[in-house]
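There are 2 protein chains.
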Amino acid sequence: MLRVSKLTDYATVILTHIAHQPDELHAASDITQSTGVALPTVSKVLKLLSKANILMSHRGVKGGYQLAKPPSETNVAEVITAIEGPIGITECTTSEGICEQESSCEIKGNWNLINRAVYTALEAVTLADMAAPVREHAVNVAMPMTKEMNELKVET
Amino acid sequence: MLRVSKLTDYATVILTHIAHQPDELHAASDITQSTGVALPTVSKVLKLLSKANILMSHRGVKGGYQLAKPPSETNVAEVITAIEGPIGITECTTSEGICEQESSCEIKGNWNLINRAVYTALEAVTLADMAAPVREHAVNVAMPMTKEMNELKVET
DNA sequence: CTATATAGTACTAAAATAGTCCTATATAAG
DNA sequence: CTTATATAGGACTATTTTAGTACTATATAG
Chain A
1 MLRVSKLTDY
11 ATVILTHIAH
21 QPDELHAASD
31 ITQSTGVALP
41 TVSKVLKLLS
51 KANILMSHRG
61 VKGGYQLAKP
71 PSETNVAEVI
81 TAIEGPIGIT
91 ECTTSEGICE
101 QESSCEIKGN
111 WNLINRAVYT
121 ALEAVTLADM
131 AAPVREHAVN
141 VAMPMTKEMN
151 ELKVET
Chain B
1001 MLRVSKLTDY
1011 ATVILTHIAH
1021 QPDELHAASD
1031 ITQSTGVALP
1041 TVSKVLKLLS
1051 KANILMSHRG
1061 VKGGYQLAKP
1071 PSETNVAEVI
1081 TAIEGPIGIT
1091 ECTTSEGICE
1101 QESSCEIKGN
1111 WNLINRAVYT
1121 ALEAVTLADM
1131 AAPVREHAVN
1141 VAMPMTKEMN
1151 ELKVET
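Order-wise, the sequence lines are chains A and B. For the first sequence, position 141 matches number 141 in the numbering used here, and the numbering has no gaps at all. Each number in the numbering used here comes from the position in the second sequence (counting from 1) with 1000 added on.
Following this line, the structure appears as structure tokens:
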């Protein structure tokens, strides 16, 4: 497993759709039609994204949603966080004090490193990459990853 | 979120414990005492790991479990897979035909790349790394990651 | 033969996720 | 100023997944 929730998956589909016309306003009903995701679900996702400042909303007649920032400035890690809350591979990564063994845990530090590596991979992919065909962003994934990982080496 | 299950977390704790004495047999009851994880849970985890050939089991009096391979030859991705099944960030990564939009999905390829990047990060960390203090394996995470990511670039 | 330990399987309980619905509020247009 | 339309926010329900338990079968050291 190690899976992103369905809502997050929808979120990326919806955001990718919006990213194709970043300057237009997209109403929830329009997005339902273009993406095939049920309206109440679309609506829920849009609200969450808007709350996280990934989308801007406009109320009233002819209202709708648009990107709050250029596609290249929103990454997948942000989207996941907006829908699911803080990314943490293990429980103790996001919330301390839950695990009884925490104080004596020998491997916590190692999980933190793994978590960081995963986060970096997700952070490296932006909406612009998602909207573009596959081959484009393989490079983008590779480059920042390498740099980040080397910082990790120094850090510890 | 994007979280590994508690059972997987227990699995790493248990495996790390066993990895410290790779040549001894460890009974489920011993492991309960050393790790603080409840016996039925320990038992369940051990069975799953043994089924996945990460552990070897010996039945009967003085039976127990030991590592099937040297600590450096079992990685975190294998452990996750043993407990939770195939790693896939999105549903369509592990099982095809579930998503109705699959044929027209524009971003499937991008999710596959992200998934691969995450998998590589997990694959790079072995039990030997988990058993060692933190600073050791930061290097191990960094190195194979870089190489793998560059292969991705070529591949697409 | 017997005590002990794993193997396998089925079941129950709890928690997280997904999805729905309803009411309030903002705004463009007549 | 009124109305139709669209988002905001929250509460609620159903479903699915995960965690944990229990029981029976099988292997083995002494």
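C-beta: ideal position from N, C-alpha, C; glycine also.
Item                                                                                                                                                              : Value
I need the straight-line Cα distance from L39(A) to A28(A), nearest angstrom please.                                                                              : 7 Å
Under a Cβ-count criterion, where at least 16 other Cβ atoms within 10 Å of its own Cβ denotes burial, should V1037(B) be classed as buried or exposed?           : buried
Counting contacts by CB-CB distance shorter than 8 Å, is E1024(B) in contact with chain A?                                                                        : no
Can you grab the Cα-Cα spacing for the pair P22(A) / M56(A), in whole Å?                                                                                          : 11 Å
So which of L127(A), I83(A) and I31(A) has the shortest CA-CA distance to I1114(B)?                                                                               : L127(A)
Please list, in chain order, the residues of the region 7-40 of chain A that have any C-beta partner in chain B closer than 7 Å.                                  : D9, T12, V13, T16 and G36
When you compare only the Cα positions, how much space is there between I1031(B) and G1088(B)?                                                                    : 30 Å
Using the rule of at least 16 other Cβ atoms within 10 Å of the residue's Cβ for burial, across every protein chain shown, is V1079(B) buried or exposed?         : buried
Would G1060(B) count as contacting chain A if we go by Cβ distances under 8 Å?                                                                                    : no
What number of angstroms, rounded off, separates the C-alpha of H1058(B) from the C-alpha of V1125(B)?                                                            : 27 Å
Quick one: grab the DSSP three-state call for Q1033(B).                                                                                                           : helix
Count the other CB atoms, across all protein chains shown, that sit within 10 Å of the CB of G64(A); report buried if there are 16 or more and exposed otherwise. : buried
Can you tell me whether H1026(B) is buried or exposed? The criterion is at least 16 other CB atoms within 10 Å of its CB, across all chains shown.                : buried
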